[in-house]
Amino acid sequence: MNFEKLDQYKAKLDAYRPLPAEVVKNLHEDLILRWTYNSNAIEGNTLTLKETRVVLEGVTIGGKTIREHFEVINHREAIFFVEELVRQNEPLSEWQIKSINLCAWRHSLK
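Residue numbers for the sequence shown follow our numbering, beginning at 3 and rising by one.
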């Protein structure tokens, strides 16, 4: 896909702005789901996209390790942490970068 096509898609999306709150909420949830699934899959997590969605809803998946479940939950928490930093307009510091890493991997060693 080239930049011209992306610009066309963006212009089409911009024509619908401001988006309804429910649409924004659904897009945000989908972003968290897909970002979490793909990030964890790269690291070897065997949960499928649908299983990742279920874990994010608070349900455990039989036959999967607790580590894989925590990777999903902690990745979402890391996203929420970064979003809060952005809301507060805080400059990114070494401590915050370490905290993001801690959110994402807090339970993965268990």
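All residues carry an ideal CB built from backbone N, CA and C; glycine is no exception.
Nothing here was measured: the structure is a model prediction, and the numbers come from that model.
Using beta-carbon positions only, say whether residue i and residue j come within less than 8 angstroms of one another.
i: residue 74; j: residue 57; result: yes
i: residue 37; j: residue 99; result: no
i: residue 53; j: residue 63; result: yes
i: residue 55; j: residue 29; result: no
i: residue 71; j: residue 42; result: no
Between which two residues does the alpha helix (DSSP H) carrying residue i extend?
i: residue 78; result: 68-89
i: residue 42; result: 23-44
i: residue 58; result: 51-58
i: residue 2; result: Lying outside 3 to 112, the shown extent of the chain, residue 2 is not represented and no answer is given.
Nearest-angstrom Cα distance between residue i and residue j?
i: residue 68; j: residue 61; result: 12 angstroms
i: residue 10; j: residue 3; result: 11 angstroms
i: residue 21; j: residue 86; result: 21 angstroms
i: residue 15; j: residue 46; result: 34 angstroms
i: residue 109; j: residue 6; result: Note that residue 109 scores a pLDDT of 46, beneath 50, so its modelled location is shaky; the value from the coordinates is reported in the next line. If I take the Cα positions, the gap works out to 43 angstroms.
i: residue 111; j: residue 104; result: Reliability fails at residue 111, whose pLDDT of 44 lies under 50, so the model's placement of it is uncertain and no value is given.
May I ask you to check if the CB of residue i is nearer than 7 angstroms to at least one heavy atom of the ligand NAP?
i: residue 4; result: In terms of ligand content, the structure shown is empty, and the ligand NAP therefore cannot be addressed.
So residue i and residue j are in contact, right, with Cβ under 8 angstroms, and what is the actual spacing, rounded?
i: residue 48; j: residue 66; result: 7 angstroms
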